[in-house]
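**Student:**
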Amino acid sequence: MGNETHITIDNKRFAFEPSETILDVAHRNNIFIPTLCHLKGATPTGACRICVVEVEGAPNLVASCATPAAANMVVYSESQEVITARRSIIRLMLSSGHHNCAIRDFDTKDWTQFQLKVLEVDGTQDLCPVWGECKLQDLAYRYQVKAQGLPQSESKYPMERVNPFMIRDFSRCILCGRCVQACRDIQVNNAIDFGYRGADTKIIAGTDVALKDSDCVFCGECIEVCPVGALVTEHAMKPERFVKTKKIRTTCSYCGVGCQIELSVQNNRIIQVNSAGDTPPNNGSLCVKGRFGFDFVGSPERLTSPLIRKNGKLEGATWDEALDLVANTLTQIKKDHGSDSIGMLTSARVTNEENYIAQKFTRAVLKTNNVDHCARL
Amino acid sequence: MTNTIADIETAEVILVTGSNTTENHPVLSTFIKRAALKGTTLIVIDPRRIKLAHHANTWLRPELGTDIAWINGLMHVIIKENLFDKTFVEKRCEGFEELKKTVETYTPDYVEAITGISATDITETARTFAKAKNASILYCMGITQHTTGTDNVKSLANLSMLTGNLGIPGGGVNPLRGQNNVQGACDMGGLPNVLTAYQKVDDDTARAKFEKTWGVTDLPAKPGLTATDMIEGAHSGTLKALYIVGENPMVSDPDLNHAEKAIENLDFMVVQDIFLTETAQMADVVLPAFCFAEKEGTFSNTERRVQRVRKAVEAPGFARDDWRILSEIATRMGYPMNYPNSNAIFEEMTTVTPSYAGITWERIENVGLHWPCPTVEHPGTPILHTKQFTRGKGMFHAIDHRPPAELPDKDYPFMLTTGRVLYHYHTGTMTMKSPGLNTMSPECFVEISANDAQRLGFEDGIMVDVLSRRGKIKAKLEISSKAVDGTLFIPFHFAKAAANRLTNAKVDPVAKIPEFKVCAITIRRAA
Ligand code: SF4
Ligand code: SF4
Ligand code: SF4
Ligand code: FES
């Protein structure tokens, strides 16, 4: 076992592949290194520097997501110097935006007071909607960054809510650039980019227009990758946080790609759709229909009981009435006109199991091969 | 698809034709766009300047309904310049000489005259495609929805075989399935000529196997009617009853005025669906069913991957599982069907379906499997035809160009092609319940080029009447850079201005797919 293919992290030796970064090796071996801007599948930008580590012999800390693993490299993932650097990065981020999630006044010694504080502010629409799911908040907690006393800067850019799907809250943006990479390198929609300079830097769509007037196709990839509460769905603003949510993985029912999705359900209603994570065929991506198109499930227009045509009008009926009528009529038509006078159109929308039953019913019961679906149409 | 979705990114050349991928298969299009970004050569051949064309190295624009001509043109150049894969052709294919003879007449100049694609572009594209180590072909309804649909598909297969691109990673001929479970509906025998896994209904051994499993005798051996034949049968009075599960032909069928009369002519129609669709409104009995989020089961996606569907919410009111409804009717008709759950149906299905035999719900709990998967140890088959074709040797089909059934003339000077938009799906029964999607795409429109609009003196956004020999609709005019002079586009989703009142019901003689993609129309300012 030659040294040329090994790297040492926190006093343990690991083999690595030529294309791997320090971060890749660490994560593969379950060593925690925090990241904010790093996005799988995109070229590392090194923008946030939260992933810095100490490398023996290097003059400065290095961004592990952008530094290739090298032979005989000796890395410390969480040395005192690293922790100090991470804390100052976090402090800077918290103070440069509208991070009013109570982390600002966070004091671990007084947990009860902290909770009360959260409850108190929770009623206001201002409270960050991703509370509890924010990576910055997680890191502030992990590294015990108290933002008390830090100045809170207001964003010069107002929130954008003029499209039906998502909210852009620039006041919480940490300019990590993940959304830009997701849009450009993963979905290749090229709708957003960094705009302006220095303290004015902003993520802009087109020539700084509203998303709905840009090339944005509302795939929502950027929402899914945003580590903070700067990009959220319109739904996120609704006060449903305290109701139990169950999550169910299933397959999107729209096109033939068959994306794997995760439905969040509260009170028997689908309140949000996310991708099911890094799994084929979609590897975490969705489109606007898959992400925002499931209102129909809970629509008041859904059929809820069988209907039978009486005197020219469709009227409510019981299942027994309806099923008897169908069974008797089909039996009669089969007797009078033969099996081939009946046709079955099964569906490219229903499951395999249901299609199997539909053709079995047609062939074994109706005794005809008049079964087709509308795939050709 | 012969290959997988992920496989697209490994191709050296990708040819996309008759597929508006970014709108109809958005997530699949990300694989194509990413490949192009990383240097893969992307060729888009489509009558509209679709969004994907902006990501392409080359966009070629054929006249509607001239696909066989340009494909033959590419093969002409490839054979003439000796760029074809001789080993593959010799070892794995037959019928090469006939193909060679047929495509001989398709010189780049001749093809230019038919398709409007320049002779140089034909030659260049043929070279690029043939020289690639692996080249993937992706196509959709823009290829199949023609009177020459079957021949269009065979021609693409010709091209892929000729260049040795079948059965290898990053190659293949890949149809993109429009609806979520088209693949599954076909695999499960939802077709008039085959049982599950494409076992022919006139194959006595296959039927005997099913008779034994189902406990019946005399399963019908004669292939049945296709959907389009059923409409004809209803019209002529030979078809008396129609049972429709979750489809809405009263928006999706071609030549709707004709289809409407046919349906009215039926003695009895049952519609099982989740909404009171345009079709359900005409039914004698309407049965409320579960939607995908209310049931357990499987879908098979466009890359033949069998994946789980899971129950997330309770269905409204008295709605029931589709399979339960059909089982109840079967039972009442004297054939008891008692399944405890849908997994039991899946298990029965796998015993008569060789390509699904090794798949269990347990195996696909986390990641779906690609059929064919003949045994429980089998890992599934991501790429088809790696060693041989289903019939042994691959057959070249020598095919000549035939014009579409209807071409523009003095009275109907424009070509119409139909399709979908990003924000809606099929007949809109589901997407039109989402306020967000409706905001982005509220109504029907007629897409026209700036030139044509100017020539007619029409402004963007005016209401126009669109007329064909079969019907008339009213919609908003939309000047678009996607449109090419002489050809208009209308999405078919909208029942209120149903594009299918205009379309031609002429079908492909084999696949019975109607020619949705070409008909002749005229437009005028609405009164
Ligand atoms: S929703 Fe999609 S297209 Fe729009 S900005 Fe986000 S990633 Fe880009
Ligand atoms: S919007 Fe979110 S993902 Fe985009 S730069 Fe800001 S914080 Fe990062
Ligand atoms: S999310 Fe979009 S691309 Fe994926 S299956 Fe659904 S409709 Fe198709
Ligand atoms: S995660 Fe490495 S620099 Fe941001």
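Residue numbers (the numbering used here), protein chains in the order written: chain A, 139 to 515; chain B, -18 to 508.
Glycine included, every Cβ here is placed at the ideal spot set by N, Cα and C.
#1: Could you work out which residue in Glu62(B), Asn139(B), Thr101(B) is closest to Gly76(B) when comparing CA atoms only?
#2: With respect to 7 Å, is the separation between the Cβ of Ile330(A) and the closest non-hydrogen atom of ligand 1 below this value?
#3: Do Thr456(A) and Ala300(B) have their C-beta atoms within less than 8 Å of each other?
#4: Got a sec? Which residues, its chain only, sit under 7 Å from Lys350(A) by beta carbon, not counting five neighbours each side?
#5: Name the DSSP bridge partner or partners of Ala222(B)?
#6: Taking the alpha carbon of Pro7(B) as the reference point, which residue from Gln470(A), Gln410(A), Cys354(A) has its own alpha carbon closest?
#7: I'd like to check one pair, Asn53(B) with His378(B): are the Cβ atoms closer than 8 Å?
#8: Please list the terminal residues of the continuous beta strand (DSSP E) segment that includes Ser402(A).
#9: Which of the three DSSP states, helix, strand or coil, is assigned to Gln275(A)?
#10: What residues of chain B sit near Arg447(A), judged by a beta carbon separation below 8 Å?
#11: Ignore the nearest five residues each way along the sequence and tell me which others in Glu453(A)'s own chain have a CB closer than 8 Å to its CB.
#12: Can you tell me whether Ile188(A) sits near ligand 4, meaning its C-beta is under 7 Å from at least one heavy atom of the ligand?
#13: Any beta carbon from chain A within less than 8 Å of Thr503(B)'s own beta carbon?
#14: Excluding sequence positions up to five away, which residues of its chain have a Cβ less than 8 Å from the Cβ of Asp323(A)?
#15: Can you tell me where the alpha helix (DSSP H) with Asp210(B) in it begins and where it stops?
#16: Would Ile306(B) pass as a contact of Ala465(A) if the rule is Cβ separation under 8 Å?
#17: Flag Lys455(B) as yes when its Cβ comes closer than 7 Å to any non-hydrogen atom of ligand 3, and as no otherwise.
#18: Considering Cα atoms alone, identify which of Met56(B), Asp183(B), Ala187(B) is closest to Met142(B).
#19: By the three-class DSSP mapping on this structure, what secondary structure does Pro269(B) have?
#20: Would DSSP call Phe473(B) helix, strand or coil?
#21: What I want to know is whether the C-beta of Phe432(A) ends up closer than 7 Å to one or more non-hydrogen atoms of ligand 1.
#22: Would you identify the three-state DSSP class for Thr398(B), choosing helix, strand or coil?
#23: With a threshold of 8 Å between beta carbons, is Gln164(B) in contact with chain A?
#24: With C-beta atoms as the reference, is Val318(A) less than 8 Å away from Ile305(A)?
#25: Would you call Thr198(B) buried or exposed, if buried means 16 or more other Cβ atoms sit within 10 Å of its Cβ?
#26: Looking only at DSSP bridge pairs, what is Arg407(A) linked to?
#27: What's the call for Gln164(B), buried or exposed, on a 16-neighbour Cβ count within 10 Å?
#28: Between the C-alpha atoms of Ala337(A) and Cys311(A), what's the straight-line distance to the nearest angstrom?
#29: Can you pull every residue whose C-beta falls closer than 5 Å to some heavy atom of ligand 3, listed in chain order?
#30: Considering Met421(B), what are the terminal residues of the alpha helix (DSSP H) in which it resides?
#31: Where Ser201(A) and Glu(-10)(B) are concerned, what is the direct C-alpha to C-alpha distance, given to the nearest angstrom?
#32: Give the straight-line distance between the Cα atoms of Lys14(B) and Ile31(B), rounded to the nearest whole angstrom.
#33: Let me make sure I understand the geometry here. Which of Phe439(B), Ile60(B), Pro43(B) has the alpha-carbon closest to that of Ala111(B)?
#34: How long is the line joining the alpha carbons of Val488(B) and Ala215(B), rounded to whole angstroms?
#35: Return the Cβ separation of Val126(A) and Gln497(A) in integer angstroms, given the expectation that the two are a contact with Cβ distance under 8 Å.
#36: Check whether chain A comes within 8 Å of Pro269(B), counting only Cβ atoms and requiring the distance to be less than that.
**Tutor:** Walking through what the data contain:
#1: Here residue 76(B) refers to the residue found at position 95 when the second sequence is read from its first residue. Selected option, being the one with the closest Cα: Asn139(B).
#2: The residue labelled residue 330(A) in the question sits at position 192 within the first sequence. For Ile330(A), the distance from the CB to the nearest heavy atom of ligand 1 is below 7 Å.
#3: As a working mapping, residue 456(A) is identified with position 318 in the first sequence. As a working mapping, residue 300(B) is identified with position 319 in the second sequence. No, they are not a contact pair.
#4: Translated into positions along the first sequence, residue 350(A) becomes position 212. For Lys350(A), where only same-chain residues beyond five positions count, the Cβ hits under 7 Å are Val300, Asn301.
#5: Indexing the second sequence from 1 puts residue 222(B) at position 241. Ile480(A), Phe249(B), per the DSSP bridge assignment.
#6: Taking the first residue of the second sequence as position 1, residue 7(B) is located at position 26. Selection Gln470(A), Gln410(A), Cys354(A) evaluated against Pro7(B) yields Cys354(A) as nearest (Cα-Cα).
#7: The residue labelled residue 378(B) in the question sits at position 397 within the second sequence. The residue labelled residue 53(B) in the question sits at position 72 within the second sequence. No, the Cβ-Cβ distance between His378(B) and Asn53(B) is not below 8 Å.
#8: Start at 1 with the first residue of the first sequence, and residue 402(A) comes out as number 264. The continuous beta strand (DSSP E) containing Ser402(A) extends over residues 398 to 404.
#9: Along the first sequence, read from residue 1 onward, the residue named residue 275(A) stands at position 137. The answer is helix: DSSP assigns Gln275(A) an H, G or I state.
#10: Numbered from 1 along the first sequence, position 309 holds the residue referred to as residue 447(A). Against chain B, a Cβ distance below 8 Å from Arg447(A) picks out Ala264, Asp265, Val266.
#11: Here residue 453(A) refers to the residue found at position 315 when the first sequence is read from its first residue. Around Glu453(A): Leu445, Ile446, Arg447.
#12: Here the question's residue 188(A) lines up with position 50 in the first sequence. Result yes, Cβ under 7 Å from ligand 4.
#13: Residue 503(B) sits at position 522 when you count from the first residue of the second sequence. Answer no: the Cβ-Cβ gap between Thr503(B) and chain A never drops below 8 Å.
#14: Start at 1 with the first residue of the first sequence, and residue 323(A) comes out as number 185. Excluding sequence neighbours, Asp323(A) sits near Leu177, Gly179, Ala180, Thr181.
#15: Within the second sequence, the letter at position 229 stands for residue 210(B). Element bounds for Asp210(B): 208 to 217.
#16: Sequence index remark: in the second sequence, residue 306(B) carries index 325 (1-based). Sequence index remark: in the first sequence, residue 465(A) carries index 327 (1-based). With contacts defined by Cβ atoms closer than 8 Å, Ile306(B) and Ala465(A) do not form a contacting pair.
#17: As a first step, residue 455(B) must be located in the second sequence, where it is residue number 474. Checking every heavy atom of ligand 3 against the Cβ of Lys455(B), none is found closer than 7 Å.
#18: Residue 142(B) sits at position 161 when you count from the first residue of the second sequence. It is Met56(B) whose Cα lies nearest to the Cα of Met142(B).
#19: Within the second sequence, residue 269(B) is the residue found at index 288, counting from 1. Pro269(B) falls in the strand class under three-state DSSP.
#20: In the second sequence, counting from the first residue as 1, residue 473(B) sits at position 492. Correct three-state label for Phe473(B): coil.
#21: If you number the first sequence from 1, residue 432(A) lands on position 294. If you check the C-beta of Phe432(A) against ligand 1, you find no heavy atom less than 7 Å away.
#22: One-based indexing of the second sequence puts residue 398(B) at position 417. DSSP places Thr398(B) in the strand class (E or B) of the three-state scheme.
#23: Residue numbering aside, residue 164(B) sits at position 183 when the second sequence is read from its first letter. Yes, Gln164(B) counts as interfacial toward chain A.
#24: In the first sequence, residue 318(A) corresponds to position 180, counting from 1. In the first sequence, residue 305(A) corresponds to position 167, counting from 1. Taking 8 Å as the cut-off, the Cβ atoms of Val318(A) and Ile305(A) do not count as close.
#25: For the purposes of this step, residue 198(B) is identified with residue 217 of the second sequence, where counting begins at 1. Exposure of Thr198(B) is indicated by the presence of fewer than 16 other C-beta atoms within 10 angstroms of its C-beta.
#26: Within the first sequence, the letter at position 269 stands for residue 407(A). For Arg407(A), DSSP records a beta bridge to Gln404(A).
#27: As a first step, residue 164(B) is located in the second sequence; it is residue number 183 there, counting from the start. By the 10 Å Cβ count, Gln164(B) comes out buried.
#28: Taking the first residue of the first sequence as position 1, residue 337(A) is located at position 199. Taking the first residue of the first sequence as position 1, residue 311(A) is located at position 173. One C-alpha to the other measures close to 12 Å.
#29: Result: Cys390(A), Tyr392(A), Cys393(A), Val395(A), Cys397(A), Leu424(A), Cys425(A), Lys427(A), Gly428(A), Pro7(B), Val8(B).
#30: Along the second sequence, read from residue 1 onward, the residue named residue 421(B) stands at position 440. DSSP places Met421(B) inside the alpha helix (DSSP H), whose first and last residues are 416 to 421.
#31: Locating residue 201(A) in the first sequence gives position 63, where the first residue counts as 1. Locating residue -10(B) in the second sequence gives position 9, where the first residue counts as 1. A small correction: the amino acid at residue 201(A) is Ala; Ser does not occupy that position in the sequence shown. When rounded, the distance between both Cα atoms is 29 Å.
#32: Within the second sequence, numbered from 1, the residue matching residue 14(B) stands at position 33. Within the second sequence, numbered from 1, the residue matching residue 31(B) stands at position 50. Rounded to the nearest whole angstrom, the CA to CA distance from Lys14(B) to Ile31(B) is 13 Å.
#33: Counting from one through the second sequence, the residue named residue 111(B) turns up at place 130. The shortest C-alpha to C-alpha distance from Ala111(B) to any of Phe439(B), Ile60(B), Pro43(B) is the one to Ile60(B).
#34: On the second sequence, position 507 is the one that residue 488(B) refers to. On the second sequence, position 234 is the one that residue 215(B) refers to. Val488(B) and Ala215(B) have their C-alpha atoms roughly 17 Å apart.
#35: Residue 126(A) is absent from the structure shown; chain A starts at 139 and stops at 515.
#36: As a position in the second sequence, residue 269(B) is number 288, starting the count at 1. Yes, its Cβ sits closer than 8 Å to a Cβ of chain A.
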